[in-house]
Amino acid sequence: MIPNLNDVRLRDKMLLLYFLCVFVPILVTNLIFYNVTTTNVKNRRLEDITRALEQVKNEFRQEVDDTVEVSSVFYTDHLLNEIIETDYEHPADYVAAYDSYLRRIINTSSPTYNSVENISVYVDNPTLLYSGGIMYIDENVKQEAWYKQVSRSRQPAPIIMRTGSDGVLNRFSVIRRMDYYYFSKLETGNYLKIDMRMPAIRQIFGNLNLQGHVYLLNDKSEVEYTNDADLKLEHGAVPFEQVTTADKTIEFRTDYARGSNLQGWSLVGRISEDEVFREVRQSRNFVIVLTCLNILLPTLIIIWITRSMNVRLVRILKHMKKVKNQHFEIIKDAESRDEIGQLSGEFNRMTLQIKSLINNVYVADIQKKDLELQRRHAQLNALQSQINPHFLFNALETIRMRSLMKDEEETARIIHHMAKLFRNSLIWHKDMITLREELEFVHCFLEIQKYRFGDKIDYDVQTDEADLGCLIPKMSIITFVENASIHGIEPLKQGGRIQVVIQRSGDKLTCSVSDNGAGMPPEQVELLLGYLHHEDPMGERVGVQNVIHRLKLYYEDSFNFSINSLPGEGTEIQLVVPWHEGESLFAVKRVL
Numbered sequence: 001m002i003p004n005l006n007d008v009r010l011r012d013k014m015l016l017l018y019f020l021c022v023f024v025p026i027l028v029t030n031l032i033f034y035n036v037t038t039t040n041v042k043n044r045r046l047e048d049i050t051r052a053l054e055q056v057k058n059e060f061r062q063e064v065d066d067t068v069e070v071s072s073v074f075y076t077d078h079l080l081n082e083i084i085e086t087d088y089e090h091p092a093d094y095v096a097a098y099d100s101y102l103r104r105i106i107n108t109s110s111p112t113y114n115s116v117e118n119i120s121v122y123v124d125n126p127t128l129l130y131s132g133g134i135m136y137i138d139e140n141v142k143q144e145a146w147y148k149q150v151s152r153s154r155q156p157a158p159i160i161m162r163t164g165s166d167g168v169l170n171r172f173s174v175i176r177r178m179d180y181y182y183f184s185k186l187e188t189g190n191y192l193k194i195d196m197r198m199p200a201i202r203q204i205f206g207n208l209n210l211q212g213h214v215y216l217l218n219d220k221s222e223v224e225y226t227n228d229a230d231l232k233l234e235h236g237a238v239p240f241e242q243v244t245t246a247d248k249t250i251e252f253r254t255d256y257a258r259g260s261n262l263q264g265w266s267l268v269g270r271i272s273e274d275e276v277f278r279e280v281r282q283s284r285n286f287v288i289v290l291t292c293l294n295i296l297l298p299t300l301i302i303i304w305i306t307r308s309m310n311v312r313l314v315r316i317l318k319h320m321k322k323v324k325n326q327h328f329e330i331i332k333d334a335e336s337r338d339e340i341g342q343l344s345g346e347f348n349r350m351t352l353q354i355k356s357l358i359n360n361v362y363v364a365d366i367q368k369k370d371l372e373l374q375r376r377h378a379q380l381n382a383l384q385s386q387i388n389p390h391f392l393f394n395a396l397e398t399i400r401m402r403s404l405m406k407d408e409e410e411t412a413r414i415i416h417h418m419a420k421l422f423r424n425s426l427i428w429h430k431d432m433i434t435l436r437e438e439l440e441f442v443h444c445f446l447e448i449q450k451y452r453f454g455d456k457i458d459y460d461v462q463t464d465e466a467d468l469g470c471l472i473p474k475m476s477i478i479t480f481v482e483n484a485s486i487h488g489i490e491p492l493k494q495g496g497r498i499q500v501v502i503q504r505s506g507d508k509l510t511c512s513v514s515d516n517g518a519g520m521p522p523e524q525v526e527l528l529l530g531y532l533h534h535e536d537p538m539g540e541r542v543g544v545q546n547v548i549h550r551l552k553l554y555y556e557d558s559f560n561f562s563i564n565s566l567p568g569e570g571t572e573i574q575l576v577v578p579w580h581e582g583e584s585l586f587a588v589k590r591v592l
């Protein structure tokens, strides 16, 4: 079921509009662009690597073809074959023949021999002088691998293989039997060995477009040459399957065509995936950066515009809720030319009109409230009239019993304290007294209790002289002191101690009354704390319940009351009330 857009918050509508019309289209478009771009870059890179491998293959084949072509010239040279097959009676005759022809054609400095490093003709004619490219086939030559392979071969085609000296194979050579004209001497034979230029081959295999390893395989799938420095080929070819492959490597392979001089040979390239896909990653990073820019700029603009609308609408809503709670505050900085600014201006005018209407129409209601305050004041006096007789009865009974037992001067002092308490309790018009006056009540009461119990009870009152001017409800602290004495200390056989600590913290006055007496069970503590939240009728209650009810009438929710007590461990009662100094709290409320 599609939700009604009228029930969706404006901010959510803007987010939905942003995601559907900006974020998703940009994201989908860039994903498609990323896939197309990376695929094209990947295919182009693979084509470049394949093309580079083909280039290496063709350039090496060209080097081989050029060398084979040079060998064919020597192979079919009738004069060369005649000179090396002639038996000379005197060395001078050979020298004359060598100078007249051989010296010129065997000289590798000729521009014709671009791919040739050295040309050697191996013969078994003892009448020749062996120098300048003419070599004698002795026993050492017959032990060479190339000689054994060529002498066993019955094919006239040249053989391409690696050769070297001292057992180190470090060059490519084209070798063939010189039997074009003198096939009858096949048992002994002459051989042509042309060494290719290795710098040119190394340059070919060092193609910069192939950032990997290239392997040249012969017709037996053995590695004849590679640019892999870790693979040692000085002592012979290595089977390609024994070459270890690194992880994440892509292999490229190309074979030499049939009919070529390298028929059966192939070229294999192993390139790391990181190298192959480097440009792909670069393209990916570019697309990601471009996507972030495409998303970031519209996002910032939409957030800026949305915030301009949402913040001001929320501010109007908050002020409407304040008006509902009779707080008629106007919206500041509401003058703007768009629709929200006009709405704010109209709201301010409506708020001022409502405030003016209330001030004019409900003056009579305010007067009624003043009468209600006076009625509550009378109710407080009635509450005090409940608690004072209760306290005075206990005190007078104590003094009477003590006076009957012994005749002491202490009795006069206690009666003085009792009279002072009685005289102040009869003052009805004074509902708020200073902390100094309240502590005088506490002192009088504790002195009476000490007279009654002797050393069984001890007390300590701590306060700051600067706090004695604070106004508090009359008989509020002394009630808790009385509770601590009668219900906390009196049940103990060994007696106990009452401590009263009063201190100011900011605009709060904290009164703490603690004893080390009998304590209270948890259910009694919960019962007393429950009076903070119950709106029961006043009835005939006295004691702590009475004080809590009076404090609720005075301060409503502006005071805090807590009890910490365990059976056998004493009780601590803490009362936190607002700080007031000077005229009474009721007088302040009446002015307001």
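Just so we're aligned: 494 in full-length UniProt numbering is position 494 of the sequence shown, and the numbers increase by one with no gaps anywhere. Heads up, the beta-carbon is just placed ideally off N, CA and C, and yes, glycines get one too. Note that the structure is a prediction, hence the values are computed from the model and not measured.
Below 8 Å CB to CB, which residues in the same chain sit around residue i once its five sequence neighbours on both sides are set aside?
{"i": "Tyr113", "result": "Val70 and Ile119"}
{"i": "Ile331", "result": "Arg315, Ile316, His319, Ser344, Phe347 and Asn348"}
{"i": "Asp219", "result": "Gln263, Gly264 and Trp265"}
{"i": "Arg176", "result": "Ser71, Tyr75, Val150, Pro156, Ala157, Pro158, Ile159, Tyr191 and Leu192"}
From the DSSP output, in three-state form, read off residue i for me.
{"i": "Thr463", "result": "coil"}
{"i": "Tyr191", "result": "strand"}
{"i": "Ser115", "result": "coil"}
{"i": "Leu46", "result": "helix"}
{"i": "Ile331", "result": "coil"}
{"i": "Ile137", "result": "coil"}
{"i": "Leu585", "result": "In this predicted model, Leu585 has a pLDDT of only 44, less than 50, meaning its place in the structure is not dependable; the value taken from the coordinates is given anyway. Note: Leu585 maps to helix in three-state DSSP."}
{"i": "Ser336", "result": "coil"}
{"i": "Glu572", "result": "strand"}
{"i": "Met178", "result": "coil"}
{"i": "residue 594", "result": "In this structure the chain extends from 1 to 592, so residue 594 is not present and cannot be described."}
{"i": "Asn560", "result": "strand"}
{"i": "Thr76", "result": "coil"}
{"i": "Leu169", "result": "strand"}
{"i": "Thr434", "result": "strand"}
{"i": "His90", "result": "coil"}
{"i": "Val8", "result": "coil"}
{"i": "Ser151", "result": "helix"}
{"i": "Pro521", "result": "coil"}
Measuring CA to CA, which of the options is closest to residue i?
{"i": "Gly506", "options": "Asp467, Ile563, Asp333 and Arg497", "result": "Asp467"}
{"i": "Ala484", "options": "Val287, Ile303 and Val442", "result": "Val442"}
{"i": "Asp247", "options": "Gly212, Glu581 and Ala229", "result": "Gly212"}
{"i": "Val64", "options": "His78, Phe172 and Glu139", "result": "Phe172"}
{"i": "Ile288", "options": "Asn30, Val22, Gly568 and Val576", "result": "Asn30"}
{"i": "Thr249", "options": "Ile486, Ile271, Val525 and Ala257", "result": "Ile271"}
{"i": "His494", "options": "Gln503, Asp458 and Gln462", "result": "A small fix is needed here, since residue 494 is Gln in this sequence, not His. The shortest C-alpha separation from Gln494 is found at Asp458."}
{"i": "Phe559", "options": "Leu566, Ala52 and His549", "result": "His549"}
{"i": "Gly269", "options": "Ile573, Glu437, Ser72 and Leu53", "result": "Leu53"}
{"i": "Val500", "options": "Leu446, Thr306, Lys355 and Arg258", "result": "Leu446"}
{"i": "Gln449", "options": "Glu251, Arg497 and Thr299", "result": "Arg497"}
{"i": "residue 623", "options": "Val141, Asn564 and Glu59", "result": "With the chain covering only 1 through 592, there is no way to say anything about residue 623."}
{"i": "residue 593", "options": "Thr463, Gly568, Arg45 and Val577", "result": "Absent from the model: residue 593. The displayed extent of the chain is 1 to 592, so no value can be given."}
{"i": "residue 594", "options": "Val168, Tyr181, Tyr180 and Met161", "result": "Absent from the model: residue 594. The displayed extent of the chain is 1 to 592, so no value can be given."}
{"i": "Gly132", "options": "Tyr98, Tyr147, Pro126 and Thr163", "result": "Tyr98"}
{"i": "Pro521", "options": "Leu80, Asp93 and Pro567", "result": "Pro567"}
{"i": "Ile489", "options": "Lys474, Lys355, Asp455 and Asp255", "result": "Asp455"}
{"i": "Ser260", "options": "Leu492, Phe60, Phe33 and Leu10", "result": "Phe60"}
So does residue i have its beta carbon nearer than 7 Å to some heavy atom of the ligand FAD?
{"i": "Asp274", "result": "By its list of ligands, the structure shown contains no ligand whatsoever, and the ligand FAD lies outside what it can speak to."}
Return the bridge partner residues of residue i from the DSSP annotation.
{"i": "Asp458", "result": "Arg497"}
{"i": "Leu446", "result": "According to DSSP, Leu446 bridges with nothing at all."}
{"i": "Lys508", "result": "Ser505 and Pro578"}
{"i": "His213", "result": "Arg270"}
{"i": "Ser565", "result": "Thr571"}
{"i": "Met196", "result": "Val116"}
Spatial neighbours of residue i within its chain, please: C-beta separation below 6 Å, excluding the five flanking residues on both sides.
{"i": "Ile295", "result": "Ile26"}
{"i": "Gly469", "result": "Thr434 and Glu581"}
{"i": "Tyr531", "result": "Gln545 and Ile548"}
{"i": "Leu551", "result": "Phe559"}
{"i": "Ala96", "result": "none"}
{"i": "Ile137", "result": "Tyr122 and Asp124"}
{"i": "Lys355", "result": "Phe328"}
{"i": "Arg281", "result": "none"}
{"i": "Glu540", "result": "Here Glu540 scores only 44 on pLDDT, less than 50, and its place in the model should not be relied on; the value that follows carries that caveat. The answer is none, since no qualifying residue turns up."}
For residue i, which residues of its own chain have a beta-carbon under 7 Å away from its beta-carbon, when the five flanking residues on both sides are left out?
{"i": "Pro91", "result": "Leu129"}
{"i": "Leu186", "result": "The pLDDT assigned to Leu186 is 44, lower than 50, so where the model puts this residue is not dependable, and the model offers no usable value."}
{"i": "Leu231", "result": "Val223, Val238 and Val243"}
{"i": "Ala200", "result": "Glu63 and Ser115"}
Which ranges does the alpha helix (DSSP H) cover as unbroken runs of at least 4 residues, wholly within the stretch 216-299, from first to last along the chain? Entirely contained in the stretch 216-299, the alpha helix (DSSP H) runs reaching 4 residues are, in chain order, 273-276.
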